[in-house]
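Peer 1: Take 2 as the starting number for the sequence shown in my numbering and just add one per residue. C-beta atoms are modelled at their ideal positions from N, C-alpha and C, and glycine is treated no differently. Would you mind keeping the following structure in view while I ask a few things?
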Amino acid sequence: MSSPLSLCFLGVGLMGAPMVERLLKAGFDLSLWNRTATKMDPFSGRAHIASSPAQAVAGADVVITMLENGDIVDQVLYGSGALSHLARGALVIDMSSIQPGQARQHASQVKNLGGDYLDAPVSGGTRGAESGTLSIMAGGEEAAFDRARAVFEAMGKATHIGPVGSGQLAKLANQAIVGITIGAVSEALLLAARGGARPDRVREALLGGFAGSKILEQHGERMLQRNFTPGAPARIQLKDLRMILDEARAEGLSLPLSQRVFEQYRGLLASGHGEVDHSGLLLELERLNGVELESAITDHEDL
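This is the structure we're talking about:
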């Protein structure tokens, strides 16, 4: 019987921690590193706690990064020299959301060291990470994807999109739809409530029709409950929208809806709401209109 794969996981944050939990439950041997060491405390005794990225990478069959952006991935794995400790034949899986061009550069560096590379960003938020139902979008060689199947299966459902960089392009497409739809749900609920309809009943009715979506289901509920505890912080959504627009410019495309939602999220952050959930875009719409969703129907009834 072959021994379980030895995994290195860099980035035990909001998303990384539940992903690590799923991998441990699947029986993988893990070595962890995180910039804030206390975030690794819940895994003490169940995983090796590394003191540096280099120590975590050394000897691992699979190296997974789940970091905030491409610049941090560069610093942690590439700029620090940790990549030089990569075992020959090891597989590097970047599950962070970074620019497609950065993914291609990283793949080249890994290949030069005799390793394989996949860019494999995820969608599903903390709920998906906790339940092991993440949507994983992978770019890279088919053989590398096959090597990663058991790892991916512990965290969710993986789809091989195409060559290196394709996973990141799929994630950008995902984030464009997510950001634009959050904006649409915010506007729809506020419009209905201001006109005198019960926004909770409007959401219930729409979920059974053509406008039904996970955004309306999950984030519509967050808006109605005013629960903006971050599953995915607004500042990360803004970062992703910026990457979408950068990629669009590089390809000679104009994406007016993405541009408009980017500006709304930028306004949200300027108002001091960078750490709220991205469904908190409702707060920016409320600021622009001088009315809150929860009081809109009450105000109308009082007229």
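Closest to residue 89 by C-alpha separation, out of 73, 81, 110, 102, would be which residue?
Peer 2: It is 110 whose Cα lies nearest to the Cα of residue 89.
Peer 1: Report back the beta-carbon spacing between residue 294 and residue 191 to the nearest angstrom; my notes put them in contact at under 8 Å.
Peer 2: About 5 Å; that satisfies the 8 Å criterion.
Peer 1: What did DSSP end up calling residue 2 once you bin it into helix, strand or coil?
Peer 2: Reliability of the predicted coordinates at residue 2 is poor, the pLDDT of 37 falling under 50, and no value is obtained from them.
Peer 1: Within its chain, find whatever has a CB closer than 7 Å to the CB of residue 60; leave out the 5 residues flanking it on each side and keep chain order.
Peer 2: Excluding positions up to five away in sequence, the list reads 7, 88.
Peer 1: What is the rounded straight-line gap between the Cα of residue 162 and the Cα of residue 139?
Peer 2: Each residue's alpha carbon lies about 6 Å from the other.
Peer 1: Can you find the residues in the same chain that come closer than 6 Å, C-beta to C-beta, to residue 131, ignoring five residues on each side of it along the sequence?
Peer 2: The residues are 19.
Peer 1: Please list the terminal residues of the continuous beta strand (DSSP E) segment that includes residue 158.
Peer 2: First-last of the beta strand (DSSP E) with residue 158: 157–163.
Peer 1: Looking at residue 116: is its Cβ nearer than 8 Å to the Cβ of residue 92?
Peer 2: Yes, these two residues count as a Cβ contact at 8 Å.
Peer 1: In whole angstroms, what is the alpha-carbon distance linking residue 136 and residue 154?
Peer 2: Spanning the two alpha carbons is a distance of roughly 10 Å.
Peer 1: Helix or strand or just coil, what does DSSP make of residue 30?
Peer 2: Three-state DSSP puts residue 30 in a strand.
Peer 1: Report all residues from its chain with a CB closer than 8 Å to the CB of residue 247; omit the five preceding and five following residues, and keep chain order.
Peer 2: 100.
Peer 1: Report yes or no: do three or more beta-carbon pairs, one from the stretch 221–233 and one from the stretch 255–272, lie closer than 8 Å?
Peer 2: These segments do not touch.
Peer 1: Classify residue 263 as helix, strand or coil using the three-state DSSP reduction.
Peer 2: Here residue 263 sits in helix by DSSP.
Peer 1: Check whether the stretch 196–204 and the stretch 169–177 are in contact - that is, three or more C-beta pairs closer than 8 Å.
Peer 2: These segments do not touch.
Peer 1: Hey, how far is the Cα of residue 208 from the Cα of residue 28?
Peer 2: Approximately 38 Å between the Cα atoms of the pair.
Peer 1: Straight-line CA distance for residue 240 to residue 74?
Peer 2: Distance between the alpha carbons of residue 240 and residue 74: 15 Å.
Peer 1: Are the Cβ atoms of residue 121 and residue 95 separated by less than 8 Å?
Peer 2: Contact flag set, yes.
Peer 1: Pull up the distance between the alpha-carbon of residue 238 and that of residue 49, whole angstroms please.
Peer 2: For residue 238 and residue 49, the distance between alpha carbons rounds to 32 Å.
Peer 1: In whole angstroms, give me the CA-to-CA distance for residue 221 and residue 70.
Peer 2: Using only the alpha carbons, I get a separation of about 27 Å.
Peer 1: Taking DSSP as the reference, what is the three-state secondary structure of residue 16?
Peer 2: Residue 16: coil per DSSP, three-state reduction.
Peer 1: I'd like the ranges of any beta strand (DSSP E) spanning at least 3 consecutive residues and lying wholly in the stretch 189–233.
Peer 2: List check, beta strand (DSSP E) in window: nothing returned.
Peer 1: Does the beta-carbon distance from residue 16 to residue 127 come in below 8 Å?
Peer 2: Cβ distance < 8 Å, so residue 16 and residue 127 count as in contact.
Peer 1: Using only the alpha-carbon positions, how far apart do residue 254 and residue 194 sit?
Peer 2: The alpha-carbon atoms of residue 254 and residue 194 are separated by roughly 36 Å.
Peer 1: If the criterion is Cβ atoms closer than 8 Å, does the pair residue 214 and residue 286 meet it?
Peer 2: Going by C-beta atoms, residue 214 is not nearer than 8 Å to residue 286.
Peer 1: I need the DSSP call for residue 58, collapsed to helix, strand or coil.
Peer 2: Looking at residue 58 - three-state DSSP - the assignment turns out to be helix.
Peer 1: Smallest Cα separation from residue 43: which of 279, 30, 21?
Peer 2: When each option's Cα is compared against that of residue 43, the closest is 21.
Peer 1: Residues in its own chain within less than 6 Å of residue 34 by CB, not counting five upstream and five downstream?
Peer 2: So the list reads 11, 51, 54, 57, once near-sequence residues are dropped.
Peer 1: Could you tell me the distance, in whole angstroms, from the CA atom of residue 63 to the CA atom of residue 267?
Peer 2: Residue 63 and residue 267: Cα-Cα distance of roughly 37 Å.
Peer 1: Please report the distance separating the alpha-carbon of residue 14 from that of residue 250.
Peer 2: Cα to Cα, residue 14 sits roughly 31 Å from residue 250.
Peer 1: Hey, how far is the Cα of residue 179 from the Cα of residue 36?
Peer 2: Near 29 Å, if we compare the C-alpha coordinates of residue 36 and residue 179.
Peer 1: In this structure, does DSSP put residue 187 in helix, strand or coil?
Peer 2: Of the three classes helix, strand and coil, the one that applies to residue 187 here is helix, per DSSP.
Peer 1: Suppose you measure from the CA of residue 176 to the CA of residue 97; what does that come to, to the nearest Å?
Peer 2: Rounded to the nearest angstrom, the two C-alpha atoms are 13 Å apart.
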